[in-house]
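Protein chains in written order, with my numbering: chain E, 51 to 288; chain R, 251 to 510. Beneath this line is the structure, given in structure tokens, with notes to follow.
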């Protein structure tokens with residue numbers, strides 16, 4: 051199938067496995083939010099998909115191609131870390147065009163297009179230090195999608211956005227996601243952020259995907275009392 | 251403790267601090283005070299062929315040492331910052347910390363045995379310009395390595411190297427486009443300290459390179475061997491040496507201040 055497919059994945063640190071038999075699929079145009087408390091293994095899962103941690107068992111497929119043991123730079127994954135990972139010595143436009151320049155591809159026009167997509171025209175020559183948190187996040191997003199990735203991976207993308215603008219930023223992100231024909235995976239521990247962004251929700255607890263489904267399904271029919279407790283604040287809003 | 255006792259203790263602390271500051275600063279400026287009485291002779295000594303020759307050798311050997319220290323030290327710093335391997339802590343201690351605390355005269359002795367007339371490897375470079383550079387490199391390169399490694403570790407901590415790789419950069423491209431530009435000032439600062447230390451290095455150079463005028467004689471070895479006989483010339487050499495160190499220090503401070 052097209053999209054991301056994880057098959058019986060087991061990964062961890064040294065000899066301790068964080069998850070042992072994890073299977074999951076995300077289709078193109080689908081936004082899956084993996085939500086779970088701290089220590090549930092969601093960050094390990096993200097690092098495994100990205101290629102920073104190599105799984106001890108199982109396989110990862112992206113658009114039917116196995117990428118399990120490919121180096122990070124060959125996976126073609128757009129990645130937005132929690133702090134956005136912007137390069138402080140480069141301008142906004144140079145940050146966005148980095149992935150294209152490094153591949154020897156034309157970069158100027160596509161980077162400007164990305165800049166316009168995230169509504170940051172006029173900021174080309176700005177230094178990263180001159181941007182607000184929300185603007186930095188958009189630069190990070192533009193840079194991640196500028197390489198036309200096969201998958202977009204976002205690590206707590208709303209955690210550094212202030213409460214006042216969070217809903218608006220989330221809305222802009224969802225609008226942007228609609229324009230992408232790739233699977234999108236978001237990792238978060240924050241239920242509010244999960245609800246802002248998710249189409250589908252996967253509840254990860256102690257290294258296991260306990261429940262997946264649409265938000266409405268998971269909230270209305272929580273599989274365990276723990277999940278019910280986690281999602282309680284949103285049960286009334288739906 | 252009463253207020254009076256507390257004030258007295260504070261006064262003692264101030265006096266001790268002032269005493270050490272006076273000792274250190276006065277020692278530095280005393281060379282200029284000593285030079286006042288014989289300013290004409292010292293000015294004349296600055297331009298004697300021997301002083302000019304040793305100044306040239308000192309500067310040239312310190313520059314060559316610094317360039318080699320950067321070429322070899324930056325990759326070493328990168329490896330220490332990025333790679334995990336068995337006995338890494340031991341290797342790092344032996345390569346960075348030990349040379350900085352090693353008695354330089356002992357280092358000179360080891361080089362004389364290793365690369366001197368009785369070298370077990372059949373390589374004899376003792377009493378040459380190369381010997382000067384090697385003796386200096388041993389004690390000076392760690393400055394480049396330690397400052398660069400510290401910065402590389404800070405960059406690695408931020409994780410931006412992994413973000414760069416996710417964008418398609420291989421490890422060498424990440425080194426060239428992320429690590430090097432972000433650590434440039436720290437590498438320069440390490441190089442400035444390396445150069446200043448190379449200008450002042452004595453023990454290893456004295457034993458391994460010797461004191462051959464116009465061949466291996468440098469400012470510190472000239473002062474060490476001629477201080478009691480050629481006083482004016484030695485004072486002139488001392489002023490040149492300390493001024494060069496000051497210039498390097500000012501450069502180092504400017505670079506690190508901008509880096510902050």
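Backbone N, C-alpha and C define an ideal beta-carbon position, used for all residues, glycine too. Computed from a predicted structure; not experimentally measured.
Quiz item: Given that a residue counts as buried once 16 or more other Cβ atoms are within 10 Å of its Cβ, and exposed if not, what is residue 163 of chain E?
Solution: The residue in question, residue 163 of chain E, is exposed, as its Cβ has fewer than 16 Cβ neighbours within 10 Å.
Quiz prompt | With 16 other Cβ atoms within 10 Å as the buried cut-off, status of residue 92 of chain E | solution = Counting other Cβ atoms within 10 Å of its Cβ, residue 92 of chain E reaches 16 or more and is therefore classed as buried.
Quiz prompt | Identity of the residues DSSP links to residue 235 of chain E by a beta bridge | solution = Looking at the DSSP assignment, residue 235 of chain E forms a beta bridge with E:82 and E:203.
Quiz prompt | Candidates E:98, E:81, E:65 and E:84: closest to residue 58 of chain E by CA position | solution = Selected option, being the one with the closest Cα: E:98.
Quiz item: Which partner residues of residue 252 of chain E appear in the DSSP bridge assignment?
Solution: E:84 and E:262.
Practice problem: Could you tell me how far apart the beta carbons of residue 253 of chain E and residue 277 of chain E are, in whole angstroms, since I believe they sit closer than 8 Å? | Solution: Contact holds; Cβ gap of about 5 Å.
Quiz item: At which residues does the beta strand (DSSP E) containing residue 109 of chain E begin and terminate?
Solution: First-last of the beta strand (DSSP E) with residue 109 of chain E: 107-112.
Quiz item: By the criterion of Cβ-Cβ separation under 7 Å, what are the contact partners of residue 129 of chain E in chain R?
Solution: Using a Cβ-Cβ cut-off of 7 Å, residue 129 of chain E is close to 413 and 416 of chain R, given in chain order.
Quiz prompt | In DSSP terms, what residue 429 of chain R is bridged to | solution = Residue 429 of chain R pairs with nothing; no bridge assigned.
Quiz item: Excluding sequence positions up to five away, which residues of its chain have a Cβ less than 7 Å from the Cβ of residue 281 of chain R?
Solution: Cβ contact annotation for residue 281 of chain R (same chain, cutoff 7 Å, sequence separation greater than five): 485, 488, 489 and 492, in chain order.
Practice problem: Evaluate residue 311 of chain R with the Cβ neighbour count: other Cβ atoms within 10 Å of its Cβ, from every protein chain shown; 16 or more gives buried, anything less gives exposed. | Solution: By the neighbour-count rule (16 or more Cβ atoms within 10 Å), residue 311 of chain R is buried.
Practice problem: Could you tell me how far apart the beta carbons of residue 455 of chain R and residue 362 of chain R are, in whole angstroms, since I believe they sit closer than 8 Å? | Solution: Actually they are not in contact, since the Cβ atoms of residue 455 of chain R and residue 362 of chain R sit about 11 Å apart, beyond 8 Å.
Quiz item: Where residue 377 of chain R and residue 453 of chain R are concerned, what is the direct C-alpha to C-alpha distance, given to the nearest angstrom?
Solution: Approximately 13 Å, taken between the alpha carbons.
Quiz item: What's the C-alpha gap between residue 75 of chain E and residue 248 of chain E?
Solution: So the alpha carbons of these two residues sit roughly 15 Å apart.
Quiz item: From what residue to what residue does the beta strand (DSSP E) around residue 69 of chain E run?
Solution: For residue 69 of chain E, the enclosing beta strand (DSSP E) starts and ends at 66-76.
Quiz item: Taking only beta-carbon atoms, is residue 158 of chain E less than 7 Å away from chain R?
Solution: No - not a single Cβ of chain R is within 7 Å of the one on residue 158 of chain E.
Self-check item: Within chain R, partners of residue 135 of chain E - CB distance below 7 Å
Solution: Contacts between residue 135 of chain E and chain R, judged by CB atoms closer than 7 Å, involve 409, 410 and 413 in chain order.
Practice problem: Determine the direct distance from the alpha carbon of residue 220 of chain E to that of residue 289 of chain E, and round the result to whole angstroms. | Solution: Beyond the ends of chain E as shown, which are 51 and 288, falls residue 289 of chain E; an answer cannot be given.
Quiz item: Does any C-beta atom of chain E lie closer than 7 Å to the C-beta of residue 419 of chain R?
Solution: Taking Cβ atoms only, chain E reaches closer than 7 Å to residue 419 of chain R, which makes this a yes.
Quiz prompt | Contacts of residue 139 of chain E in chain R (Cβ-Cβ under 7 Å) | solution = Around residue 139 of chain E, the beta-carbon contacts reaching into chain R at under 7 Å are 431 and 432.
Exercise. Determine the contact status of residue 127 of chain E and residue 199 of chain E, defining contact as a CB-CB distance below 7 Å.
Key: Against a cut-off of 7 Å, the Cβ pair of residue 199 of chain E and residue 127 of chain E comes out as a contact.
Quiz item: How is the alpha helix (DSSP H) around residue 477 of chain R delimited, first residue to last?
Solution: That residue, residue 477 of chain R, is in no alpha helix (DSSP H); it is neither H nor E in DSSP.
Quiz prompt | Residue-level contact to chain R via CB, residue 107 of chain E, 7 Å cutoff | solution = Cβ-Cβ to chain R under 7 Å: no for residue 107 of chain E.
Quiz item: Three-state secondary structure (DSSP) at residue 175 of chain E?
Solution: Three-state result, residue 175 of chain E: coil.
Quiz item: Is the region 277-292 of chain R in contact with the region 337-352 of chain R, if contact means three or more CB pairs nearer than 8 Å?
Solution: Output reads no: the region 337-352 of chain R does not touch the region 277-292 of chain R.
Quiz prompt | Where the alpha helix (DSSP H) through residue 319 of chain R begins and ends | solution = Unbroken alpha helix (DSSP H) run through residue 319 of chain R: 299-332.
Quiz item: Under 7 Å between the Cβ atoms of residue 470 of chain R and residue 440 of chain R?
Solution: No.
Practice problem: Taking residue 399 of chain R as part of the alpha helix (DSSP H), name the residues at either end of that continuous run. | Solution: Its alpha helix (DSSP H) spans residues 379-408.
Quiz item: By the criterion of Cβ-Cβ separation under 9 Å, what are the contact partners of residue 149 of chain E in chain R?
Solution: Neighbours of residue 149 of chain E on chain R, chain order: 414, 416, 417, 418 and 419.
Quiz prompt | C-beta neighbour in chain E for residue 423 of chain R, strict 7 Å | solution = By this cut-off, residue 423 of chain R is an interface position.
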